[in-house]
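Quick note on UniProt numbering: the sequence shown kicks off at 1 and runs consecutively.
From the three backbone atoms N, C-alpha and C, an ideal C-beta is built for every residue, glycine too.
Written below as structure tokens is the structure these notes are about.
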Amino acid sequence: MKNVANQRYYLVREDVLTDAMQKTLQAKHLLQSGSVSSIWDAVKEVDLSRSAFYKYRDAVFPFHSIVRERILTIFIQLQDEKGALAKLLEIISESHCNVLTIHQTIPIQGRANVTLSLDVTSMAIELDQLIQLLKKLEFVESAEVISSGAL
Numbered sequence: 001m002k003n004v005a006n007q008r009y010y011l012v013r014e015d016v017l018t019d020a021m022q023k024t025l026q027a028k029h030l031l032q033s034g035s036v037s038s039i040w041d042a043v044k045e046v047d048l049s050r051s052a053f054y055k056y057r058d059a060v061f062p063f064h065s066i067v068r069e070r071i072l073t074i075f076i077q078l079q080d081e082k083g084a085l086a087k088l089l090e091i092i093s094e095s096h097c098n099v100l101t102i103h104q105t106i107p108i109q110g111r112a113n114v115t116l117s118l119d120v121t122s123m124a125i126e127l128d129q130l131i132q133l134l135k136k137l138e139f140v141e142s143a144e145v146i147s148s149g150a151l
């Protein structure tokens, strides 16, 4: 095995990973979550050979597991409703995100823009799940990530 310090790393989209790599990630998640107690059970559950699991287990990782401390900036368009920002921040809090900054424009024509900078180091859900939760709120017209990165 190559010296880890001399290896290069790449960030790739999930859809370009091989089937075996994706199943390895699923098996690792099952093990980490405690859903299964052994590698044998994990690979059986996701229909993967143990040799493929061992080949990829130290090579593929979810992005969030590598970056330990992260700041995420989200831009949200809200309808001007009483309590809308409070409900939005409740979802953020329940997701274990720490609000670093909030910038809200004065509502014009019944809409306000909110930019949130969040420390998502301890976030309890996946980023796409958080965005979907925000978009489901009846007063949210749009929610999008405008930047993310390490602290």
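Under the DSSP assignment, V43 falls in the alpha helix (DSSP H) whose first and last residues are I39 to V46. Between L89 and V145, the gap from beta carbon to beta carbon reaches 8 Å or more. As DSSP reads the structure, F75 sits in a beta bridge with T115 and E144. Of all C-beta pairs linking the segment 48-59 to the segment 103-110, fewer than three are shorter than 8 Å, placing the two stretches out of contact.
When the alpha-carbon of N113 is set against those of M123, L78, L133 and I102, the nearest one is in L78.
Restricting attention to S142, N98 and V16, the CA atom closest to the CA of T121 is found in N98.
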